[in-house]
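Peer 1: The sequence shown lines up with residues 78 to 152 when you count with the numbering used here. My questions will all concern the structure given below.
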Amino acid sequence: MNYSDTMIHIDEALDDKARAALEVHLWARDGVVAPRFNPGRPHLLLVAFDPAKTRATELLGLVRACGHTAELVGL
Numbered sequence: 078m079n080y081s082d083t084m085i086h087i088d089e090a091l092d093d094k095a096r097a098a099l100e101v102h103l104w105a106r107d108g109v110v111a112p113r114f115n116p117g118r119p120h121l122l123l124v125a126f127d128p129a130k131t132r133a134t135e136l137l138g139l140v141r142a143c144g145h146t147a148e149l150v151g152l
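Pasting the structure below:
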């Protein structure tokens with residue numbers, strides 16, 4: 078199985094509770110392997126995922142659907 082990862086930059090400052098809730102929300106998506114915020118950089122969310130089941134743009138859409146202003150890093 079091949080995994081990919083994507084980095085999502087979230088514009089708003091999220092507290093620990095909001096970051097944890099967003100990680101849980103992403104975990105619920107089929108194909109997400111490991112969503113985690115980058116230690117020391119609370120605006121950066123790294124998501125490992127199975128590209129056969131989901132895409133980076135879909136993950137970005139999930140973050141935005143939670144009310145956050147965000148963009149993919151590196152695209």
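Glycine included, C-beta positions come from ideal geometry on N, C-alpha and C.
CB Ile87 to CB Val140, shorter than 9 Å?
Peer 2: It is a contact, given that the beta carbons lie within the stated cut-off.
Peer 1: Around the C-beta of Ala90, are 16 or more other C-beta atoms found within 10 angstroms, so that it is buried, or is it exposed?
Peer 2: When all chains shown are included, Ala90 counts as exposed.
Peer 1: Does the distance from the C-beta atom of Asp49 to that of Gly151 stay below 9 Å?
Peer 2: Only positions 78 to 152 of the chain appear in this structure, which leaves residue 49 out of reach.
Peer 1: If you drop the 5 nearest sequence neighbours on each side, which residues of the same chain put their C-beta closer than 7 Å to that of Cys143?
Peer 2: Contacts found: Leu99 and His102.
Peer 1: Where Asp92 and Leu136 are concerned, what is the direct C-alpha to C-alpha distance, given to the nearest angstrom?
Peer 2: Computed Cα separation, rounded: 20 Å.
Peer 1: Would you call the CB atoms of Ala147 and Thr83 closer than 9 Å?
Peer 2: It is not a contact, given that the beta carbons lie outside the stated cut-off.
Peer 1: Please confirm whether Ala129 and Asn79 have their CB atoms less than 9 Å apart.
Peer 2: Yes, Cβ-Cβ distance for Ala129 and Asn79 is below 9 Å.
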